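Chemist:
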Amino acid sequence: MIIDPYCYDCKHFIDDDSTKFHCKAFDGIPTEILLGKNDHTSPYPGDNGIQFEPKEDEGS
Numbered sequence: 142m143i144i145d146p147y148c149y150d151c152k153h154f155i156d157d158d159s160t161k162f163h164c165k166a167f168d169g170i171p172t173e174i175l176l177g178k179n180d181h182t183s184p185y186p187g188d189n190g191i192q193f194e195p196k197e198d199e200g201s
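Residue numbers 142 to 201, in the working numbering, belong to the letters of the sequence shown in order.
Structural data, given as structure tokens:
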């Protein structure tokens with residue numbers, strides 16, 4: 142599966158070299174979000190109240 146780079150830009154994305162794509166909102170990110178069909182800026186079923194938030198610039 143090709144992950145939409147949008148998830149990589151979220152501060153909740155967990156990049157731990159796991160075999161699954163996950164974040165603080167989802168133990169397994171839904172395919173609709175991974176494929177960019179939903180940008181997860183609004184509540185999504187099962188997201189535990191956590192939506193997309195851009196990563197803060199590391200230089201800030």
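The beta carbon of each residue, even a glycine, is placed where N, CA and C say it ideally should be.
Given the structure is predicted, the values throughout are model-derived calculations rather than measurements.
Between the alpha carbons of Pro186 and Asp180, how many angstroms are there, rounded?
Modeler: 13 Å
Chemist: Under the rule that 16 or more other beta-carbon atoms within 10 Å means buried, what is Leu176, buried or exposed?
Modeler: Residue burial annotation: Leu176 is exposed, with fewer than 16 other C-beta atoms found within 10 angstroms of its C-beta.
Chemist: Could you give the C-beta distance for Lys152 and Pro184, rounded to a whole number, given that I count them as a contact under 8 Å?
Modeler: Not really, about 17 Å apart at Cβ, beyond 8 Å.
Chemist: How big is the Cα-Cα spacing for Ile155 and Asp168?
Modeler: 10 Å
Chemist: Residues in the same chain with beta-carbon distance under 8 Å from Cys164, minus the five sequence neighbours each way, listed in chain order, please.
Modeler: Cys148, Cys151, His153, Phe154, Ile155, Ile170 and Ile191
Chemist: Give the secondary structure of Pro146 by DSSP, where H, G and I count as helix, E and B as strand, and everything else as coil.
Modeler: helix
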